[in-house]
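Novice:
Residue numbers (the working numbering): 7 to 269.
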């Protein structure tokens, strides 16, 4: 996993240097353009350089407190803020960063999930390349905290695996005659291009490709993938977090394994 302690140490050093620089002047307020520029540079370095490297700690209370402190530095730099106010803020900011450093040390090294054995299900090299690339992109999204993007990609990958499993059949009759296959108004099974993840999950369970538990948790992944629509996220008040993404990666891996073993 990315180094978490290094960026925090750099931020601690920057805060310490800024506090020392502001201590040199005896003026009550910070009005000097050089000092204001130094304050802004310290805060901007946090947001541009250090903060992006600490995605794994964004939920930590010390991170949130330090993040707000750097935002306050940017705001105060355009005001006639007193040195005492800066001194107190920088002292507490350093304390938050030191606490955050402990969290960074304690974060367990992440073990990247094993790549599903797509090649056991799919022989087309072009499709294999697409799935491999999307699996890699999914994990990349997870690493940088793009949790909604990772969840959406997992749903798409799962649909692709179900379709690949269907294509392994010598006859599609069992799929379209399944009682859970989606029907049109005339009662006929819909073509595969009109199926959604729910339909694939239902039919896969009926045909014995996946177990009931896999179907149930797969439906949760399906529901969360639908939060790609902003209005649904707003109305439900649900935000996908890193813990959710980690769970969905495991869910996908488990269902993928069952699909592949069903051949």
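Glycine residues also receive a C-beta, built at the ideal position from the N, C-alpha and C atoms.
(1) Quick one: grab the DSSP three-state call for residue 85.
(2) Return the residue from the list 191, 228, 190 that minimises the CA-CA distance to residue 208.
(3) List the DSSP bridge partners of residue 189.
(4) Where does residue 250 fall in DSSP's three states?
(5) Identify which residue in 268, 71, 36 has its Cα closest to the Cα of residue 217.
(6) Identify, in the order they occur along the chain, each residue of the same chain with its Cβ nearer than 8 Å to the Cβ of residue 255, setting aside the five sequence neighbours on each side.
(7) Is the CB-CB distance between residue 153 and residue 247 below 8 Å?
(8) Mind checking whether residue 265 and residue 215 have CB atoms under 8 Å apart?
(9) Leaving aside the five residues before and after residue 252 along the sequence, list all residues of the same chain whose C-beta is less than 8 Å from its C-beta, in chain order.
(10) Alpha carbon to alpha carbon, what distance is there between residue 12 and residue 56?
(11) Do residue 195 and residue 187 have their C-beta atoms closer together than 8 Å?
(12) For the stretch 105-153, which segments carrying the alpha helix (DSSP H) assignment without a break, of at least 4 residues, lie completely within its bounds, in sequence order?
(13) Taking 8 Å as the threshold, find out whether the stretch 125-141 comes into contact with the stretch 231-238 through three or more Cβ pairs.
(14) Please check the pair residue 107 and residue 45, which I expect to be a contact at CB under 8 Å, by giving their CB distance rounded to whole angstroms.
Specialist: With the structure as the only source:
(1) The answer is coil: DSSP assigns residue 85 none of H, G, I, E or B.
(2) It is 228 whose Cα lies nearest to the Cα of residue 208.
(3) Answer is 195.
(4) Helix at residue 250.
(5) Out of 268, 71, 36, 268 has the C-alpha closest to the C-alpha of residue 217.
(6) These residues qualify, in order along the chain: 119, 144, 145, 148, 156, 160.
(7) Yes, the Cβ-Cβ distance between residue 153 and residue 247 is below 8 Å.
(8) Contact: yes.
(9) 148.
(10) Taking C-alpha positions only, residue 56 is separated from residue 12 by approximately 9 Å.
(11) Yes; because the gap between Cβ atoms is below 8 Å, this pair is in contact.
(12) The qualifying runs are 131-149.
(13) Result no; under three Cβ-Cβ pairs closer than 8 Å.
(14) So it is not a contact: roughly 22 Å between Cβ atoms.
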